[in-house]
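J.: Have a look at the structure that comes next, please.
Residue numbers (our numbering), protein chains in the order written: chain Z, 1 to 414; chain G, 415 to 551; chain D, 552 to 826; chain E, 827 to 1055.
In structure tokens, the structure reads:
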């Protein structure tokens, strides 16, 4: 009998200890935060996701805060982490996966571009072809997969890029009737040495037979000097997969100067680049192939802040932000006439310091601190009005010291 | 066990069937009076244990003895040595005859005349019996 | 059922001395290690304070920072993780010994065990249960020990120098404990479920060796390798499967491996085992 | 009746048992005689299901070997098979725990008959006592058949006599006994039937009394004929 008793105690000890441990762990001893709506529609706040660090004794815990609550990275299960590691953190892709899991199967993790309209979902992936020993040849294939949303039929085709290039990035794809326009950022192919100036090329691929047009090299109308260069960026838009009339590119002009002598070695041309304070926006119209340029007023050299562009419905917005001030300039498309200008100070927003911004449809979300706590204010871009204000609050005020919370960035999931 | 010393194990040889050796052992016991007429005999298991033989062998020995009328069993009562004088006499007779036959077989090979032999037997028998008496007292 | 429990009890009884030694090593080493670390840390603080003529702990903490349980433990990590590693090693070895000691022990107990009336399969379950109990027992011990050690830390460390942290934070950031003591229930069942399947696979391999000796050894090694390969195979399918599908597939494979191992073991024990 | 029917056992290329056929009758003591390595132990293990056979069949009262075998047949291996950490009492409790046909009364009787101390540890038992305990564990089971592997080897004279006395006692009455030995001398009178095994084959199977009666030969004589012709 003694044996049974001891064994029962042993098993009881195991069950109790482990059960208690898992139970207490599930109750999460880490403080819980959430975004509380202070003003405006609470629905606005639901799109927000704040990623931050909570300083927990000797540890820095990564935490994600939404209107629902907070989730710490360490508290995620192995499966959640595994799923995170395999799922892209891109809202557009997540929506596509949810809507078309069959088509998106195995397609979501490699970098690719997507286009969708009422009828079609198109995916383009650029595939390198390599010479025997894995040396880049400068030859590429466009791998196109299409889904007919109406009947669920899939089609695939491949088109060989006729030019030898060094492709950097596919900026955008658009379906124009039976052809697919592909906007590429590329350098002319070179076996070795340094690149020339980046080019933007537009290819038209027939979705009927895969025939591909010669690359149309866009002329930016810039007469760049030897010591000048440009950096091209897509202007972010509310939904990169949506049908767009225009391709919006932001160009930052750079000046290069050789590094002081002595630092240069044989083959390497060392230089440092100085961004000029001049920005241009190129507006390429897919239908007509015409390109417009918007030269924005130069930024004063004293400006020490963040400049961003956003392609809104029928307009382009330039955002200039410092810790104290926000300046939005809107230009209408396609005529590029200045629209409205919004200028706000931190004080206007009842904020101590402006930290980060994120774009949404007709929205600018501003992350700032208010009374020492992270807070978010949303502006309506078209009107400049504050439509939403929210702040991070601790659910169990006693256990959480919000001073230990730092928000690193904010994303918006429409 | 002491009361059963009468049935103590003899030295069996390995070549003759053990059950026959047991039977013979009983006969000698009866002939010499070690076992008396009407005495109960041990159960076959007791006998096997005492003689260190297989119980099946003991069983067979008893069966043989029953066949020969040496022991009798009535109902559920334990078996007994027979009280039939005829049988008892015959056992004595059989043992003597057997011994004499053995003796004659070996002596005949030497070729001793019968009178000399009888004389020698008498004197040896008397001196041996005297010796045994001296040793036992 | 009652015989199965009796067999389990017997397996527990056969190992209890070594097991108690493992538990004792863990408790003593971790407690003593922590005690020494805290003592030497406070001594160092005093020495430092004297050297820099800092008057109070609070001032010291302001300059040099506080020292968490984690840091204190890390001064002497061997005292802490050493016994854990010993426990793991001993239990890993015992997965084999729990069978082989029946054959190669001083008296071949396996005769007796295999000749017990009714199914020999109970032996398999009993040994499997025993191994899981041994593992979980040490897990439970560590779970109970950690908060006690933390209490000792709070007791011994001057409040001004200490930095509070919960057991869960400590475990979640500890490279070994986060795997051995996963606080997330799903992870706990995942890890120990996998361990359970792994033990059945190894048991099947051991019984193959016991049934066919050298040939069985080769078969066993192949079986274990194949099982490992098959189990991890879905992870390489991330280009065609969604994460939840991969997970589901692995779960299914785990179940199949478990059932296959149980079936193999059952068949071998009933028909092929050789003493 | 235990029927061993054309049993063949191979270890790799080596044939240890070849077409072995004989029977063990209830109420009889059958002795499997053979030199070391003749395959005696292998055969006992095969009967007990401790080793699969390559070919042939073993039937107990007409039934093939199954897990119910152990309620009908007890096996006393050539060494004690209880772990060293147990005490004699532990062993008895183990048997009581796991066998429905454990005869507690008989176990108690044998314990006193063999003069074994319940508190003694297995690891500290003398060879003789270990053999006695081993025998006890087999005898105290109410089985129809009893298999013993070399019950007399390697133990002292006195213990041998005690063990031999078991064979003539009610302890094995009516049971079928199969025992192996490589020296027959001491137990010639105890056995009913001898099966001579040589290099995995049965070369003679006979009833001992019959061979004495008909041919006037001892079991030893037959063995001599067979092994040294």
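C-beta: ideal position from N, C-alpha, C; glycine also.
Looking only at DSSP bridge pairs, what is residue 619/D linked to?
T.: By one-based count along the third chain, residue 619/D stands at place 68. Answer is 714/D, bridged to residue 619/D.
J.: What number of angstroms, rounded off, separates the C-alpha of residue 1007/E from the C-alpha of residue 1000/E?
T.: If you number the fourth chain from 1, residue 1007/E lands on position 181. If you number the fourth chain from 1, residue 1000/E lands on position 174. If you take the alpha carbons of residue 1007/E and residue 1000/E, they lie about 21 angstroms apart.
J.: I'd like the ranges of any beta strand (DSSP E) spanning at least 3 consecutive residues and lying wholly in the stretch 327 to 367 of chain Z.
T.: 338 to 345, 353 to 360
J.: Does the contact criterion of 3 or more C-beta pairs under 8 angstroms hold for the stretch 907 to 919 of chain E versus the stretch 535 to 543 of chain G?
T.: no
J.: According to DSSP, which residues form a beta bridge with residue 1007/E?
T.: As a first step, residue 1007/E is located in the fourth chain; it is residue number 181 there, counting from the start. Answer is 859/E.
J.: Output needed in chain order: residues of the stretch 496 to 525 of chain G with a Cβ under 7 angstroms from some Cβ in chain E.
T.: none
J.: According to DSSP, is residue 1047/E helix, strand or coil?
T.: Translated into the one-based positions of the fourth chain, residue 1047/E becomes position 221. Residue 1047/E: helix per DSSP, three-state reduction.
J.: In this structure, how does DSSP classify residue 471/G when only helix, strand and coil are distinguished?
T.: In the second chain, counting from the first residue as 1, residue 471/G sits at position 57. Secondary structure of residue 471/G (DSSP, three-state): helix.
J.: For residue 889/E and residue 845/E, I'd like the C-alpha separation in whole angstroms.
T.: On the fourth chain, position 63 is the one that residue 889/E refers to. On the fourth chain, position 19 is the one that residue 845/E refers to. Distance between the alpha carbons of residue 889/E and residue 845/E: 19 angstroms.
J.: Hey, does residue 428/G have any beta-carbon neighbour from chain E nearer than 8 angstroms?
T.: As a working mapping, residue 428/G is identified with position 14 in the second chain. At least one chain E Cβ lies under 8 angstroms of residue 428/G.
J.: So with CB distances below 8 angstroms, who are the chain D contacts of residue 369/Z?
T.: Here residue 369/Z is taken as the residue at index 369 of the first chain, counted from 1. Under the 8 angstroms cutoff, chain D gives no residues; its nearest Cβ is about 25 angstroms from residue 369/Z.
J.: Going straight from the alpha carbon of residue 641/D to that of residue 649/D, what length do you get?
T.: Taking the first residue of the third chain as position 1, residue 641/D is located at position 90. Taking the first residue of the third chain as position 1, residue 649/D is located at position 98. Linking residue 641/D to residue 649/D through their CA atoms gives a straight-line distance of about 11 angstroms.
J.: Just the chain D side, please: which residues come within less than 7 angstroms of residue 958/E by C-beta, in chain order?
T.: Within the fourth chain, residue 958/E is the residue found at index 132, counting from 1. Near residue 958/E there are no residues of chain D at all, since even the closest Cβ is about 15 angstroms away, more than 7 angstroms.
J.: Is residue 14/Z close to chain D? Criterion is C-beta to C-beta, closer than 8 angstroms.
T.: Within the first chain, numbered from 1, the residue matching residue 14/Z stands at position 14. Judged by the 8 angstroms Cβ criterion, residue 14/Z is in contact with chain D.
J.: Roughly how many angstroms separate the alpha carbons of residue 308/Z and residue 329/Z, rounded to a whole number?
T.: For this step, residue 308/Z is matched to residue 308 along the first chain. For this step, residue 329/Z is matched to residue 329 along the first chain. Straight-line Cα distance between these residues: approximately 11 angstroms.
J.: Determine which residues of the stretch 983 to 999 of chain E have a Cβ less than 9 angstroms from any Cβ of chain G, and write them out in chain order.
T.: 987, 990, 991, 993, 994, 995, 996, 998, 999
J.: Spatial neighbours of residue 847/E within its chain, please: C-beta separation below 7 angstroms, excluding the five flanking residues on both sides.
T.: As a first step, residue 847/E must be located in the fourth chain, where it is residue number 21. So the list reads 830, 831, 832, 1028, once near-sequence residues are dropped.
J.: What residue range does the beta strand (DSSP E) around residue 171/Z cover?
T.: As a working mapping, residue 171/Z is identified with position 171 in the first chain. Start and end: 165 to 176.
J.: Could you check whether the Cβ of residue 723/D sits closer than 8 angstroms to any Cβ belonging to chain Z?
T.: For the purposes of this step, residue 723/D is identified with residue 172 of the third chain, where counting begins at 1. By this cut-off, residue 723/D is an interface position.
J.: At 7 angstroms on the CB atoms, spell out the chain E contacts of residue 492/G, in chain order.
T.: In the second chain, residue 492/G corresponds to position 78, counting from 1. In chain order: nothing, as chain E lies at least about 16 angstroms away.
J.: Is it buried or exposed, residue 835/E, if we count other Cβ atoms within 10 angstroms and call 16 or more buried?
T.: Translated into the one-based positions of the fourth chain, residue 835/E becomes position 9. So residue 835/E counts as buried.
J.: Judging by CA-CA distance, which residue of 721/D, 759/D, 766/D, 758/D is the nearest neighbour of residue 25/Z?
T.: Locating residue 25/Z in the first chain gives position 25, counting from the first residue. With distances taken between Cα atoms, residue 25/Z lies closest to 721/D.
J.: Please classify residue 43/Z: does DSSP put it in a helix, a strand, or coil?
T.: Locating residue 43/Z in the first chain gives position 43, where the first residue counts as 1. Residue 43/Z falls in the helix class under three-state DSSP.
J.: The alpha helix (DSSP H) spanning residue 557/D covers which residue range?
T.: In the third chain, the residue the question calls residue 557/D occupies position 6. In the DSSP assignment, residue 557/D falls within the alpha helix (DSSP H) that extends over 553 to 602.
J.: Residues of chain E with CB under 8 angstroms from residue 822/D, in chain order?
T.: For the purposes of this step, residue 822/D is taken as residue 271 along the third chain, with counting starting at 1. Here the neighbours are 878.
J.: Could you say which of 441/G, 451/G, 448/G, 426/G lies nearest to residue 478/G if we only look at CA atoms?
T.: The residue labelled residue 478/G in the question sits at position 64 within the second chain. The option with the nearest alpha carbon to residue 478/G is 441/G.
J.: Whose C-beta lies closer than 7 angstroms to the C-beta of residue 483/G among residues of the same chain, with five residues either side of it excluded?
T.: Start at 1 with the first residue of the second chain, and residue 483/G comes out as number 69. Taken in chain order, the residues that qualify are 496, 498, 501.
J.: Can you find a CB in chain D that lies within less than 8 angstroms of the CB of residue 264/Z?
T.: Numbered from 1 along the first chain, position 264 holds the residue referred to as residue 264/Z. The predicted position of residue 264/Z is uncertain, since its pLDDT is 48 and thus under 50; a value taken from the coordinates is nonetheless stated next. By this cut-off, residue 264/Z is not an interface position.
J.: Here's a check: name, in chain order, each residue in its chain whose Cβ is nearer than 7 angstroms to the Cβ of residue 716/D, leaving out the five neighbours to either side.
T.: Counting from 1 along the third chain, the entry for residue 716/D is found at position 165. Taken in chain order, the residues that qualify are 619, 620, 621.
J.: Tell me whether the beta-carbon of residue 310/Z lies closer than 8 angstroms to the beta-carbon of residue 317/Z.
T.: Counting from 1 along the first chain, the entry for residue 310/Z is found at position 310. Counting from 1 along the first chain, the entry for residue 317/Z is found at position 317. Going by C-beta atoms, residue 310/Z is nearer than 8 angstroms to residue 317/Z.
J.: Does residue 96/Z pass the burial test, meaning 16 or more other C-beta atoms within 10 Å, or should it be called exposed?
T.: For the purposes of this step, residue 96/Z is taken as the residue at position 96 of the first chain. With 16 or more other Cβ atoms within 10 Å, it is buried.
J.: Run through the stretch 4 to 43 of chain Z for me and flag every whole beta strand (DSSP E) of 3 or more residues, listed as ranges in chain order.
T.: 33 to 40
J.: Express the C-alpha separation of residue 672/D and residue 814/D in angstroms, rounding to a whole number.
T.: As a first step, residue 814/D must be located in the third chain, where it is residue number 263. As a first step, residue 672/D must be located in the third chain, where it is residue number 121. Rounded to the nearest angstrom, the two C-alpha atoms are 10 angstroms apart.
J.: Which word fits residue 952/E, buried or exposed, when buried means at least 16 other C-beta atoms lie within 10 angstroms of its C-beta?
T.: As a first step, residue 952/E must be located in the fourth chain, where it is residue number 126. The residue is exposed, with fewer than 16 neighbouring Cβ atoms inside 10 Å.
J.: Do we get a CB-CB distance below 8 angstroms when we pair residue 665/D with the residues of chain E?
T.: For this step, residue 665/D is matched to residue 114 along the third chain. Residue 665/D counts as touching chain E.
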